[in-house]
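Undergrad: Once you know that position 17 of the sequence shown is 17 in the numbering used here, the rest is easy, because the numbers rise by one and skip nothing. Following this message is one structure expressed as structure tokens.
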Amino acid sequence: MRIPFPFLALSMLFFSVACNISEARMPEPASMPYSLRGGEPHNPRVAKYYLEELVSEGKMTKEEAERTEVYMIFRNARRMQDLKDVKGLSKEDRRAVMAHKREIRGNPLIEYANYCGLTLERAKELMNLMHGSDKGTKYYQKV
């Protein structure tokens, strides 16, 4: 079976555009080991390299990066526990439990600022930088 060239070309164009649109994070740092490339940026082992990059670019202080790294370790441990808590539940029950946990925890920007000893404004700036989007601003508008 032959796939017509125009269809193949359009498909490739669509997927390349779709992948770029959905990627709302900063580029992977060159210093990141190959074994961690493509990894989840919220994983503390991966996040460390993004934080180092922001420090080297002068966009974040070393102290902010260290506090953020500790916060990422905390968030990852909590996330792993959350996943254990919902293991074996139906899809609907999992979603209900996780929605309840998000409701209890409140605004992630406030949590990040309080945990790291940052002002809300600085936490917003850092969250925007780390996500390569206006995610921090969106949470800030809900305060």
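For every residue, glycine included, the Cβ atom is placed at its ideal position computed from N, Cα and C.
1. Given 8 Å as the limit, is there contact between the segment 118–137 and the segment 55–74, that is, 3 or more CB pairs closer than that?
2. Grab me the residues of SER31's own chain with a C-beta within less than 8 Å of its C-beta, minus the 5 sequence neighbours each way, in chain order.
3. If the criterion is Cβ atoms closer than 8 Å, does the pair PRO44 and GLU64 meet it?
4. Can you look up PRO33 in the DSSP assignment and give me helix, strand or coil?
TA: Here's the rundown:
1. yes
2. TYR49, GLU52 and GLU53
3. no
4. DSSP, read as helix, strand or coil, puts PRO33 in coil.
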